[in-house]
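*Asks:* Just so we're aligned, residue 19 is where the sequence shown starts under this note's numbering, counting upward by one.
For glycine and all other residues, C-beta sits at the position ideal for the given N, C-alpha and C.
Note that this is a predicted model, so its numbers are computed, not measured.
Encoded as structure tokens, here's the structure I'll be asking about.
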Amino acid sequence: MSYSRTEIRVAAISAAVAAVMLAGATAQAEPKDSTLRGETPIDLKVGSAVWGQNQLLDFDPENPTEFQSILGEEFDSVTPENDMKWAEIHPEPDVYDFSGADAVVAFAKANGQEVRGHTLLWHSQNPDWVTEASDDWTCEEARDVLEDHISTVVSRYAGDIYEWDVANEIIQDTWDDGGVKLRTEANPFLKACSEDPVGLIGDAFRWAHEADPEAVLFLNDYNAEGVNEKTDAYYALAQELLADGVPLQGFGAQGHLSLMYGFDESMQANFERFADLGLQVAVTEADVRMPLGEDGNPTEEQIALQAERYDGMLQACLNVPACSSFTVWGFDDGHSWVPGVFDEGYATIMTEEYEKKPAYFALLDGLSDATPGRSPRTPPGLDK
Ligand code: XIL
19 MSYSRTEIRV
29 AAISAAVAAV
39 MLAGATAQAE
49 PKDSTLRGET
59 PIDLKVGSAV
69 WGQNQLLDFD
79 PENPTEFQSI
89 LGEEFDSVTP
99 ENDMKWAEIH
109 PEPDVYDFSG
119 ADAVVAFAKA
129 NGQEVRGHTL
139 LWHSQNPDWV
149 TEASDDWTCE
159 EARDVLEDHI
169 STVVSRYAGD
179 IYEWDVANEI
189 IQDTWDDGGV
199 KLRTEANPFL
209 KACSEDPVGL
219 IGDAFRWAHE
229 ADPEAVLFLN
239 DYNAEGVNEK
249 TDAYYALAQE
259 LLADGVPLQG
269 FGAQGHLSLM
279 YGFDESMQAN
289 FERFADLGLQ
299 VAVTEADVRM
309 PLGEDGNPTE
319 EQIALQAERY
329 DGMLQACLNV
339 PACSSFTVWG
349 FDDGHSWVPG
359 VFDEGYATIM
369 TEEYEKKPAY
379 FALLDGLSDA
389 TPGRSPRTPP
399 GLDK
């Protein structure tokens with residue numbers, strides 16, 4: 019009798035769940051020196067989001083907090099969860115506040131990590147001055163404000179950022195008013211330039227590229243994992259931008275999943291079609307949330323299914339050589355955005371007490387299977 023890779027993986031996940039259930043909080047199944055970053059193929063970065071303003075301002079390399087030690091040991095890459103968003107970094111028209119973003123970059127340097135920039139053009143978390151002024155903007159005015167912002171922020175971190183989410187969530191969903199189309203109502207910049215939104219998006223990439231020619235520039239969105247109407251629209255947009263000579267270089271699927279919905283098995287096929295356009299792809303914000311029982315705890319089945327979903331996203335990435343980074347949106351439930359926004363929880367790979375969940379071990383195993391010492395995706399002879 020033979021078993022497929024998936025069957026073996028699912029069996030391993032079930033065994034890990036059983037072990038965690040039996041052993042309780044104290045036991046660690048893996049030796050201490052086994053970490054996600056240690057097992058990651060040389061041509062892939064494994065990352066986590068972190069809120070610099072809240073978690074890293076007090077960073078002292080000689081005396082890190084437990085959270086900081088884990089972030090440094092487990093990950094190759096960090097994404098500022100909020101610190102580079104407009105409301106944080108550009109709170110007033112003539113005021114930039116780089117404190118949180120600087121803390122993320124300094125932490126990454128101290129730990130030999132890369133930084134994913136997030137984000138330059140988005141409809142959410144904009145400061146009041148943008149929201150208020152934008153009603154009266156001409157397209158020319160909106161362009162000037164956006165160009166100043168992109169040039170200032172991207173050039174400050176030029177050389178420190180390997181991938182930038184230039185444009186985030188710029189396409190609506192099927193369930194939004196108007197259906198799948200560019201977000202020309204909610205996004206203040208696209209709204210001001212609604213006569214030629216693609217021209218503005220293209221210029222946003224051009225301004226970012228001018229400020230940091232080394233950074234790989236991404237489109238990024240949720241509900242963008244599988245082949246669907248929204249990703250079809252992204253595919254068409256990417257083709258249009260590339261035909262215009264825009265320096266678009268990557269497509270990111272956020273990977274915010276919920277166990278309330280199924281897993282879209284077309285994720286790898288979706289990544290492959292963007293890779294065929296010559297783009298890099300990435301999983302940029304992975305988490306897997308779930309509705310919890312009255313006691314606030316997940317069931318054994320949910321814990322196992324969560325591990326499978328994380329693994330499903332990782333496999334889609336590992337199987338596509340153009341997939342350059344796999345980032346979780348926070349690594350522990352104590353710092354997850356999920357409970358504040360959804361009526362769900364348990365979304366990350368570690369508990370509030372930093373206990374590793376089966377989802378963590380699913381990622382660890384998936385990464386080490388892909389890397390027997392080094393990556394099969396990378397020419398032999400190169401060590402990480
Ligand atoms: C979230 C942060 O995690 C929260 O702390 C913040 O309050 C709201 O934004 N898609 C994105 C991320 O691109 O920037 C969002 O991050 C989550 C959804």
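Determine, using beta-carbon pairs with one atom in the stretch 277 to 284 and one in the stretch 193 to 200, whether at least three such pairs fall under 8 Å.
*Replies:* The answer is no - the stretch 193 to 200 does not touch the stretch 277 to 284, with fewer than three Cβ pairs under 8 Å.
*Asks:* Which runs of the alpha helix (DSSP H) spanning at least 4 residues fall entirely within the stretch 169 to 232, listed in chain order?
*Replies:* Segments of the alpha helix (DSSP H) lying fully in the stretch 169 to 232: 206 to 210 and 215 to 229.
*Asks:* According to DSSP, is S284 part of a helix, a strand, or is it coil?
*Replies:* S284 falls in the coil class under three-state DSSP.
*Asks:* Would you list the one or two residues that DSSP bridges to D341?
*Replies:* According to the sequence displayed, residue 341 carries Cys and not Asp. Paired residue(s): V299.
*Asks:* May I ask you to check if the CB of N72 is nearer than 6 Å to at least one heavy atom of ligand 1?
*Replies:* No; taking the cut-off as 6 Å, the Cβ of N72 has no heavy atom of ligand 1 nearer than that.
*Asks:* On the criterion of 16 or more Cβ atoms from any shown chain inside 10 Å, does K127 qualify as buried, or is it exposed?
*Replies:* The residue is exposed, with fewer than 16 neighbouring Cβ atoms inside 10 Å.
*Asks:* Taking 6 Å as the cut-off, is the CB of N100 close to at least one heavy atom of ligand 1?
*Replies:* Yes, ligand 1 has a heavy atom inside 6 Å of this Cβ.
*Asks:* Among A300, V122 and E132, which residue has its Cα nearest to the Cα of Q73?
*Replies:* Nearest of A300, V122 and E132 to Q73, Cα basis: V122.
*Asks:* In terms of alpha-carbon separation, which member of Y114, N241 and E318 lies closest to S284?
*Replies:* It is N241 whose Cα lies nearest to the Cα of S284.
*Asks:* Going by C-alpha distance, which of R161, N246, G263 and E312 is nearest D214?
*Replies:* That would be R161, whose Cα lies nearest to the Cα of D214.
*Asks:* Is the beta carbon of D101 less than 7 Å from the beta carbon of Q131?
*Replies:* Taking 7 Å as the Cβ cut-off, D101 and Q131 do not qualify as a contacting pair.
*Asks:* At what residues does the beta strand (DSSP E) containing G270 begin and finish?
*Replies:* Counting along the chain, the beta strand (DSSP E) containing G270 begins and ends at G268 to A271.
*Asks:* Pull the bridge partners of R134 from the DSSP assignment, please.
*Replies:* Beta-bridge pairing links R134 to E181.
*Asks:* Below 8 Å, can you find three or more Cβ-Cβ pairs linking the stretch 342 to 362 to the stretch 107 to 114?
*Replies:* Because the criterion of three Cβ pairs below 8 Å is not met, the stretch 342 to 362 and the stretch 107 to 114 do not touch.
*Asks:* Could you say which of R134, H141, K199 and L75 lies nearest to W104 if we only look at CA atoms?
*Replies:* When only C-alpha atoms are compared, the closest one is H141.
*Asks:* Please indicate yes or no: does the CB of W355 lie closer than 6 Å to some heavy atom of ligand 1?
*Replies:* For ligand 1, at least one heavy atom lies less than 6 Å from the Cβ of W355.
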